[in-house]
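Enquirer: Structure incoming, see below.
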Amino acid sequence: MQSAGNAEVMETLTGIFRDVFDSPSLVLHDAMTAADVENWDSLNHIDLIVAVEKKFNVKFTTKDVTSLKTVGDLALLIQKKLVPKP
Amino acid sequence: MTFTSFNFLLLLPLIVALYQIVPPRGRSLYLLVVSYGFYWAWSPYGAAALAVATGLTFYAGNVVGNPASERRGRIVFLVAIVLLVTYLSIFKIAAVVPLGSFAGVALPLGLSYYTFKLMSYIIDIYWGKIKPATNRMDFAAAIAFFPQLSAGPIQRPADFLQQIPPAQTLIWQGLARVVWGLAKKMLIADSLAPSVNYVYSHIGARPGGLDGAALLAGFYLFPLQLYADFSALTDIALGIGMMFGIQGPENFNRPFTASSISDFWRRWHMSLTNWLADYLFTPLRMATRSAGTAGLVLSIAINMVAIGLWHGITWGYLMFGLVHAVFLIVDALTTRNRAAFFKAYPGWNRLGEWAGWVLTFHLVLIALVFFRAHSVSDAAWLLSHAWLGFGHAKRDVSHLLAITGSKVLLMGLAGYAALDVAERFRPDQWWWHYQLTAPHWLRRSMEFATVVSVVALLVLLTIRSGNHASSFLYQVF
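Those sequence lines, one after another, are chains A and B.
Following the numbering used here, the numbering of the first sequence begins with 1 at its first residue and continues without gaps.
Following the numbering used here, the numbering of the second sequence begins with 1001 at its first residue and continues without gaps.
Structure follows, in structure tokens:
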């Protein structure tokens, strides 16, 4: 089950994806991969990551980025980074 | 070991047959022994070097993947990568610069391929994408797997290990793929080779040198030869892999249909470009992401130069990489503008698609001139003279026809289209589909036809070259 936080993250992500991949009607779901999104390739993958970093005010490492497989992974990673460290 | 050598093709059925009676659990060990047997036959020193590199990487992987000692893991990771890159570079550099005692030492067979397999393994562990392999024999088999050893495709070790123990061997499907590759190599690539070689060894203003339209034969035929040659090598490697129950990664997806340079690189030598995208380009982009466009430009440039120099350290390969870097940077920086233009003027869409295809095709061909020519100045001469002198085009072309024969030129013209259509209907794909449902008589006839094709190609091979098989272009890297 998705938490409310996840739904918010997904909504913001949708806006970022639509903007970066120039696809106004794009609808995201958890299992989506780069193969499912037109124009999403290694050339502009980091553009997406930079846009996400700016919007959510988080920082990713190369290790974070390379282990992402799906949109759901990305949403989960963002949520993890948003939780304030104790 | 060359796939088209007679000895290899005679030995292969025996190896496949014996594999059938080996229980699945013993199969990776069997593959390991066979693979090292082939390597040993090429060079015992080479086999020993492969074993040492594999063993060290395996142990390094265990240390890097141990969560109890992160600091030690990071140091071992760095040492392993530096050692592998140094090992690869020394031989690549020694091939062009005399390096003391290294001078004249042959490049170990498949060095560029297996060091990339080893590096991907250690990096994936470091990034936490995979766990270290549990069985060193399985791991060694993944690195040395003989169908992929001499020329790829570059299969990530984890992908190979997932298929261990190989339960289902696809002998007929694999054989069909091998036939496909052999036919492409022997009927297309080897037929084009003499003309291409002739053109590229007669460039320039010297006695007997070619000028004008004759040079276009080299320009248009070499890419087809290279594709027919290299993709054949991949077909054979993947087909043999299937016979042992190992599915390898595809290397080509009809590259000459690409509509842009970035599209081309998603279709050409994919196992190499995916490797570089994951382990070089993405880390570079991450490191330079605060620099915006400059970061993108720098990352593309380094990545494309690496693709060029991976083939060897020569000015020609460097130029090949640089030319593609320029193409790809322009492509990446104009993507949005082009999309906006075609959105605003949808009537231009169709023309844009065609223009994109024709332009991409020719840009790819221009870059490949640097790849093939003996020197950068030869390449520049060809590119600047091929479209000149149409006044004596007839003389130039008849000169070339006298040397090559008209069949080859015709084949070159029709070759791209024919090969592209044929690739859509590659036999192993539809064959696999029908094999399950076809009636018995049809299945038997297909198997018969496959065997007949193999025999016919073997006979052709014997007639053509006796025991001296023509080598593949991509087996030298």
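Each residue gets a CB set at the ideal place from its N, CA and C atoms; glycine is no exception.
1) Can you find at least 3 beta carbon pairs, one from the stretch 1335-1347 of chain B and one from the stretch 1233-1241 of chain B, that sit closer than 8 angstroms?
2) Have a look at the DSSP bridge pairing and note the partners of B:L1011.
3) Quick one: Cα of B:R1027 to Cα of B:G1295, how far?
4) Can we say the stretch 1177-1192 of chain B touches the stretch 1347-1364 of chain B, given the rule of at least three CB pairs closer than 8 angstroms?
5) Nearest to A:D41 by CA position, among A:K81, A:V20, A:I78 and A:T14, is which residue?
6) Which partner residues does B:L1210 have in the DSSP bridge list?
7) Hey, B:F1256 and B:R1136 are a contact pair by Cβ (cut 8 angstroms); roughly how many whole angstroms apart?
8) In angstroms with no decimal places, state the Cα-to-Cα distance between B:L1031 and B:A1141.
9) In terms of alpha-carbon separation, which member of B:L1210, B:G1347, B:G1292 and B:I1329 lies closest to A:V50?
10) Please go through the stretch 1130-1205 of chain B and give each complete beta strand (DSSP E) segment of 3 or more residues, from N-terminal end onward.
11) Short of 7 angstroms Cβ to Cβ, which residues in the stretch 1277-1288 of chain B face chain A?
12) For a minimum of 4 consecutive residues, which ranges assigned as the alpha helix (DSSP H) are wholly contained in the stretch 1397-1451 of chain B?
13) For B:G1128, decide whether its Cβ has a neighbour in chain A, counting only Cβ atoms nearer than 8 angstroms.
14) Is it buried or exposed for B:A1094, if we count other Cβ within 10 angstroms and need 16 for buried?
15) Closer than 8 angstroms by beta-carbon distance: list the chain A residues that pair up with B:R1266, in chain order.
16) When the distance is taken between beta carbons, is B:D1331 closer than 8 angstroms to B:S1262?
17) Considering only their Cβ atoms, is the gap separating B:I1021 from B:V1034 smaller than 8 angstroms?
18) Please confirm if A:V58 has its CB atom under 8 angstroms from at least one CB of chain B.
19) Using only the alpha-carbon positions, how far apart do A:M1 and A:M10 sit?
20) Report all residues from its chain with a CB closer than 6 angstroms to the CB of B:W1495; omit the five preceding and five following residues, and keep chain order.
21) So which residues on chain A does B:S1262 lean against when the C-beta distance must stay under 8 angstroms?
22) Which chain B residues sit within Cβ distance under 7 angstroms of A:D22?
23) Which residues in the same chain have their Cβ closer than 7 angstroms to the Cβ of B:G1073, if we skip the five residues on either side of it in sequence?
24) Taking Cβ positions, are B:G1316 and B:A1373 nearer each other than 8 angstroms?
25) Looking at the structure shown, is B:G1241 part of a helix, part of a strand, or coil, going by DSSP?
26) A:N6 by DSSP, collapsed to three states: which one?
27) Flag A:K63 as yes if its beta-carbon sits less than 8 angstroms from any beta-carbon of chain B, otherwise no.
28) Going straight from the alpha carbon of B:L1436 to that of B:Q1168, what length do you get?
29) Nearest to B:G1312 by CA position, among B:L1111, B:F1008 and B:L1084, is which residue?
30) Say whether the stretch 1151-1165 of chain B touches the stretch 1106-1123 of chain B, bearing in mind that this needs 3 or more beta-carbon pairs closer than 8 angstroms, one atom from each stretch.
31) Go to B:M1319, then tell me how far its alpha helix (DSSP H) extends in each direction, as first and last residue.
Expert: Reading it off the structure:
1) no
2) Under DSSP, B:L1011 takes part in no beta bridge, so it has no partner.
3) 47 angstroms
4) no
5) A:V20
6) B:I1203
7) About 42 angstroms separates the two Cβ atoms, so there is no contact after all.
8) 6 angstroms
9) B:G1292
10) none
11) A1277, D1278, F1281, T1282, P1283, R1285 and M1286
12) Annotation: the stretch 1397-1451 of chain B contains the following complete segments of the alpha helix (DSSP H) (minimum length 4 residues), in chain order: 1406-1424 and 1427-1437.
13) yes
14) buried
15) D41
16) yes
17) No. Outside cutoff.
18) no
19) Bear in mind that a pLDDT of 39 at A:M1, under 50, signals an unreliable position, so the number given afterwards is only what the model happens to contain. The C-alpha of A:M10 is placed about 14 angstroms away from the C-alpha of A:M1.
20) There is simply no residue 1495 of chain B to check, as chain B begins at 1001 and stops at 1477 in what is shown.
21) D41 and L43
22) Within chain B, the residues R1336 and A1339 have their CB atoms less than 7 angstroms from the CB of A:D22, given in chain order.
23) V1063, V1064 and N1066
24) yes
25) helix
26) helix
27) yes
28) 14 angstroms
29) B:L1111
30) Put simply, the stretch 1151-1165 of chain B touches the stretch 1106-1123 of chain B. At least three CB pairs are less than 8 angstroms apart.
31) If you look at B:M1319, you'll find it in the alpha helix (DSSP H) that goes W1315 to A1344.
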